[in-house]
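>
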Amino acid sequence: MADGDWRLMGQHTWLAGRPLRRRQWTAHRPGWDHDHCAFCHAEIAAAQTGHASLTSGYVTADDGYTWICQPCFDDFKDKFNWQVPPDDDQP
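FYI, in the working numbering the residues of the sequence shown are 927 to 1017.
1. Looking at the structure shown, is D988 part of a helix, part of a strand, or coil, going by DSSP?
2. Rounded to whole angstroms, what is the Cα-Cα separation between M935 and D1013?
3. Could you check if A964 is buried or exposed, using at least 16 other CB atoms within 10 Å of its CB as the buried criterion?
4. Go ahead and label G983 buried or exposed: buried means 16 or more other beta carbons lie within 10 angstroms of its beta carbon, across all protein chains shown.
5. Taking the DSSP output, what are the residues bridged to P945?
6. Less than 6 Å between C-beta atoms, sequence neighbours within five positions excluded: which residues of the same chain meet that for R933?
7. So the candidates are F999, D1004, R955; which of them puts its Cα closest to the Cα of R948?
8. May I have the straight-line CA-CA distance separating F1006 from Y991, to the nearest angstrom?
9. Which residue's Cα is closest to the Cα of W926: D989, R944, D961?
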């Protein structure tokens, strides 16, 4: 992936090497109905809607806060050195 990719906005400083889990989306706080991919800003929610076509993705394992969609995970997993436990790589 090229360093000039429009999705790269400094995430390397806080996402490089972070452990991730593959999960169905759940609210991080009461009242939240979706999150956004930290790279492409695609909406990830519990159910598909007109705005959110994704219902799962990769979330930071330590705090469950930052979400990454499957396409961005695939594009940046090597650059960011992400590791997902083999038994955890499923929605």
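Just so it is clear, CB atoms sit at the ideal spot from N, CA and C, and this is done for glycine as well.
Here's the rundown:
1. Along the sequence shown, read from residue 1 onward, the residue named residue 988 stands at position 62. Coil at D988, not helix or strand.
2. Position 9 of the sequence shown, counted from the first residue, corresponds to residue 935. Position 87 of the sequence shown, counted from the first residue, corresponds to residue 1013. Between M935 and D1013, the C-alpha separation is close to 30 Å.
3. Translated into positions along the sequence shown, residue 964 becomes position 38. By the beta-carbon neighbour count (other beta carbons within 10 angstroms, threshold 16), A964 is buried.
4. Residue numbering aside, residue 983 sits at position 57 when the sequence shown is read from its first letter. Burial call: buried.
5. On the sequence shown, residue 945 is found 19 positions in, with the first residue counted as 1. Within the DSSP secondary-structure output, P945 pairs in a beta bridge with Q1009.
6. Locating residue 933 in the sequence shown gives position 7, counting from the first residue. In its chain, beyond the 5 residues on either side, F965, C966 have a beta carbon closer than 6 Å to the beta carbon of R933.
7. Taking the sequence shown and counting its residues from 1, one reaches residue 948 at position 22. In terms of CA proximity to R948, F999 leads the group F999, D1004, R955.
8. Counting from one through the sequence shown, the residue named residue 1006 turns up at place 80. Counting from one through the sequence shown, the residue named residue 991 turns up at place 65. If I take the Cα positions, the gap works out to 17 Å.
9. Past the boundaries of the shown model lies residue 926; the chain is included only from 927 to 1017, so the question cannot be answered.
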